[in-house]
Amino acid sequence: EAAGGTEEEGAYTKINPSYIAANTYSYLTKQLGNFEFTVDLDANQIFPNEKIKQDIVSKYESAEYNIANLKHELIGFKIIASDIKIHVNPTRIDQTQTKIDIPLMLAKNVKVSNGIINLDFNEIDLGSIYALYNRNTDKMTVHVPMDVAYRYLQQ
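Going letter by letter, the sequence shown gives residues 2 to 156 in this note's numbering.
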């Protein structure tokens with residue numbers, strides 16, 4: 002009978018809702034790391050001047066600089082940030098594209114709102130994002146992993 006009890010416990014663990022919920026949450030959290038938001042920005046929103054831009058996208062030099070203000074609209078949300086400290090490591094992909102790893106991106110006084118939802122953050126760290134710069138369009142597609150975004154969305 003003791004063996005039967007162990008088997009029952011094993012069966013219970015497999016169908017216990019909290020066990021399933023914990024495993025589902027763990028699975029989904031791992032999967033979130035595979036998804037990302039993308040944001041298209043004009044190059045002049047990210048590069049403070051033409052010299053810094055050319056050093057990064059033509060000479061592929063790493064750089065650290067500040068952006069005074071950034072305003073952007075994304076899926077109905079107005080995003081405003083100031084005093085943004087950014088570090089970039091560029092890599093040439095081909096004649097028109099440059100991949101830009103952004104290991105450090107600290108933004109202060111970040112406001113995100115859509116009229117109903119209003120979020121304020123003193124500081125946001127979006128380090129570990131990357132961007133693809135396209136020379137032909139002079140635009141940059143910024144890729145933000147879901148787990149990085151989720152840190153702030155869950156507040």
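Beta carbons: idealized from backbone N, C-alpha and C, even for Gly. In this text the structure is predicted, and so the values were computed from the model without any measurement.
When secondary structure is reduced to three states using DSSP, Ile103 falls in the strand class. Asn119 and Val113 have their C-alpha atoms spaced approximately 6 Å apart. Listed in chain order, the beta strand (DSSP E) elements of length 3 or more contained wholly in the segment 32 to 111 are 37 to 43, 64 to 75, 78 to 93. Within the same chain, His144, Val145, Pro146, Met147 come within 7 Å of Glu37 by CB-CB distance, once the 5 residues on both sides are set aside. For Thr138, no beta strand (DSSP E) encloses it, and the DSSP letter there is neither H nor E.
For Ile117, no beta strand (DSSP E) segment is defined, and its DSSP state is neither H nor E.
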